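Read through the structure below, which is laid out as structure tokens, and then see the notes.
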Amino acid sequence: MRRNFLKFLSLAIFSSFILPLNSLFANTKKIINKNLTKKQKEIMFNEGTERPFSSDLLRESRKGFYHCANCGNKLFASTSKFDSGTGWPSFSEALPGAFKTKIDYKFGMKRTEYHCAKCGAHHGHVFNDGPSTSGKRFCNNGLCLIFRPE
Ligand SMILES: [Zn+2]
């Protein structure tokens, strides 16, 4: 009897640790846009990177906002976009609360990776060598973005 109770108790404790974690991941990484291409999914949900100089958004210079291609979250204003010469769309700052960051040690480098705060999709990395007063350079995969002109 006591043994069963202990078993039940440890199971209850165990699941209270595991279940919130599961629901956390389910909420933070979710494919919302069913029309995402294979390449977009690879970047956004498997931390991939598009080829440099492949994004049409490099040439985009109209006024407007850049949104998450998966969930539509508004991420960057066109006023923060600049040409970094790296081959990826670059921004000096993100809109408040747009992203969550995580340290990534891939390729033996310490980099700060950022994810859409709403759907958890990976977008790119942020560096501290930006040319503007913010000092930031958000290096974003163009395939993760949708531009909406104003
Ligand atoms: Zn998103």
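Positions 1 to 150 (this note's numbering) are the ones given, in order, by the sequence shown. Ideal placement from N, C-alpha and C gives every residue a C-beta, glycine not left out. The model shown is predicted, which means the values in this text are computed figures rather than measured ones.
- Relative to residue 67, the option among 102, 61, 75 whose CA is nearest is 75.
- Within 7 Å of the C-beta of residue 34 there is not a single heavy atom belonging to ligand 1.
- Neighbourhood of ligand 1, defined by CB distance below 6 Å to any of its heavy atoms: 68, 70, 71, 73, 116, 118, 119, 121, in chain order.
- Non-local beta-carbon contacts of residue 77 in its own chain, meaning distances under 7 Å to residues more than five positions away in sequence, involve 65, 95 in chain order.
- Taking the Cα of residue 73 as reference, the smallest distance to any Cα among 93, 55, 97, 130 is reached at 97.
- Note that the region 56 to 64 does not touch the region 33 to 44; fewer than 3 beta-carbon pairs, one per stretch, sit closer than 8 Å.
- Note that the region 33 to 41 does not touch the region 127 to 135; fewer than 3 beta-carbon pairs, one per stretch, sit closer than 8 Å.
- Taking the CA atoms as reference points, residue 125 sits about 22 Å from residue 32.
- At a Cβ-Cβ threshold of 8 Å, residue 99 and residue 71 do not count as neighbours.
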